[in-house]
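Below is one structure, written out as structure tokens, with a few remarks after it.
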Amino acid sequence: MSKQSMAGQLIDVDGYKIHYERVGTGPNVILLLPGGLGTTRSDFSIQLSEDKGFNGRKFTMIAWDPPGYGFSRPPVREYSKDVYKRDAYLAATLMNKLGFKLYSVLGWSDGAKTGLLMAIKYQSNIEKLVIWGGNAYVLPQEKYAIHAIRNISKWKRQTLMFFESVYGNELQVLWNRHVNHYMNNLDDICRNEVHKIRCPTLVLHGDLDPLPEEHPLFLTDKIYDSQLYRFTRGSHNIHQECSDEFNRVVTDFLLEDNY
1 MSKQSMAGQL IDVDGYKIHY ERVGTGPNVI LLLPGGLGTT RSDFSIQLSE
51 DKGFNGRKFT MIAWDPPGYG FSRPPVREYS KDVYKRDAYL AATLMNKLGF
101 KLYSVLGWSD GAKTGLLMAI KYQSNIEKLV IWGGNAYVLP QEKYAIHAIR
151 NISKWKRQTL MFFESVYGNE LQVLWNRHVN HYMNNLDDIC RNEVHKIRCP
201 TLVLHGDLDP LPEEHPLFLT DKIYDSQLYR FTRGSHNIHQ ECSDEFNRVV
251 TDFLLEDNY
């Protein structure tokens, strides 16, 4: 299997070697945060593409590989209860280093956790927030669900092939570490802090997502200026399964004063 080549460039962020991509030249800056083990291209290849993605004349897109993922390694990811707080700090530091003082954040799954924490702590920098497949706390059934897919042989073939092109023979070991982190470290992420978010927030939810509906309902209830948009035929990765609708809804939200 061919090894995936690096699509972006590397930058030092507070001692971490971070891989990021910059696409587009538009006035509206957005930061895209991938999910577990995710990279710029595994998670956002559609959104970053010229033909099917966000309009590069309207948006400047920054996507990163979080520390320990993709091309932002070595070293391997350091897991702890505060790993998403560290990611939030490093993502904000990256944007500042790139010269962006005001931007919107798009976070999927684990990236949604990071996005919530960024919107809580860096309120003067975050213009708008879009999150999907994420949560402010973890329920017991979610731990059972991720444990059920610990064995990567149960993954969809296309997904498995892509991640093997990034991680090679290390994939199962790295995924085991991620599952162990989810099982052992995750309970409360920012449950008692999400009410502090003041930026306009769009919560997206696929009605077929194994993620309990409780989470998007909780977030829209606790975040003051928030709205929920549902994808009736979407699952966890709505930005890939329903990309046309996803891109349209997110673009409208980011460009309009009131969604």
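Under UniProt numbering, the first residue of the sequence shown is numbered 1, with each subsequent residue one higher. Note that CB positions come from ideal geometry on N, CA and C, so glycine has one too. Every value quoted in this text rests on a predicted model; they were computed, and no experiment measured them.
For residue j and residue i, the rounded distance between their alpha carbons
i, j, result
"residue 63", "residue 140", "31 angstroms"
"residue 25", "residue 60", "5 angstroms"
"residue 228", "residue 213", "11 angstroms"
"residue 181", "residue 69", "15 angstroms"
"residue 7", "residue 21", "7 angstroms"
"residue 92", "residue 152", "32 angstroms"
"residue 170", "residue 241", "27 angstroms"
"residue 128", "residue 201", "6 angstroms"
"residue 259", "residue 168", "Its pLDDT being 41, under 50, residue 259 is placed unreliably in this model, and the value from its coordinates should be taken loosely. Taking the straight line joining both Cα atoms gives about 42 angstroms."
"residue 292", "residue 74", "Nothing about residue 292 can be reported from this structure: the residues present for the chain run from 1 to 259 only."
"residue 251", "residue 159", "26 angstroms"
"residue 102", "residue 124", "8 angstroms"
"residue 39", "residue 150", "19 angstroms"
"residue 234", "residue 162", "21 angstroms"
"residue 48", "residue 157", "23 angstroms"
"residue 172", "residue 154", "11 angstroms"
"residue 94", "residue 83", "16 angstroms"
"residue 86", "residue 78", "10 angstroms"
"residue 111", "residue 226", "18 angstroms"
"residue 257", "residue 249", "14 angstroms"
"residue 50", "residue 253", "20 angstroms"
"residue 188", "residue 41", "29 angstroms"
"residue 23", "residue 244", "19 angstroms"
"residue 222", "residue 96", "28 angstroms"
"residue 136", "residue 27", "30 angstroms"
Within 7 angstroms, strictly: CB atoms of residue i and residue j
i, j, result
"residue 109", "residue 35", "yes"
"residue 190", "residue 116", "yes"
"residue 131", "residue 194", "no"
"residue 76", "residue 31", "no"
"residue 239", "residue 246", "yes"
"residue 56", "residue 46", "no"
"residue 134", "residue 113", "yes"
"residue 67", "residue 16", "yes"
"residue 88", "residue 118", "yes"
Nearest-angstrom beta carbon gap, residue j and residue i [assumed within contact, 8 angstroms]
i, j, result
"residue 236", "residue 211", "6 angstroms"
"residue 37", "residue 174", "6 angstroms"
"residue 126", "residue 196", "Not a contact, Cβ separation roughly 12 angstroms."
"residue 165", "residue 4", "4 angstroms"
"residue 43", "residue 90", "Rounded, the Cβ-Cβ distance is 17 angstroms, inconsistent with contact."
"residue 18", "residue 80", "The pair is not a contact, with the Cβ atoms about 18 angstroms apart (cut-off 8 angstroms)."
"residue 255", "residue 58", "7 angstroms"
Own chain residues within Cβ distance below 6 angstroms of residue i, not counting five before or after
i, result
"residue 100", "29"
"residue 186", "138"
"residue 219", "203"
"residue 216", "203, 205, 228"
CB contact check: residue i to chain C, cutoff 7 angstroms
i, result
"residue 78", "Although the question refers to chain C, the structure presented lacks it and comprises just one protein chain."
Sequence-distant residues of the same chain with beta carbon closer than 8 angstroms to residue i, five excluded per side
i, result
"residue 260", "Coverage of the chain is limited to positions 1 through 259, which leaves residue 260 absent and any answer about it impossible."
"residue 122", "88, 92"
Own chain partners of residue i with C-beta closer than 7 angstroms, once the 5 adjacent residues on each side are dropped
i, result
"residue 147", "179, 183"
"residue 107", "33, 114, 115, 131, 134"
"residue 2", "Low per-residue confidence applies at residue 2: pLDDT is 46, beneath 50, and the placement is therefore not dependable, though the value from the model is reported in the following sentence. Result list for residue 2: 165, in chain order."
"residue 280", "Here the chain covers residues 1 to 259 and nothing more, so residue 280 does not appear."
"residue 176", "150"
| request: Tell me the start and end of each unbroken beta strand (DSSP E) in the UniProt domain "AB hydrolase-1" (28 to 144) that is at least 3 residues and wholly inside, in chain order. | output: 28 to 33, 59 to 65, 103 to 108, 126 to 132
| said: If we require 3 or more residues per run, which beta strand (DSSP E) segments fall completely within the segment 145 to 213? | reply: 201 to 206
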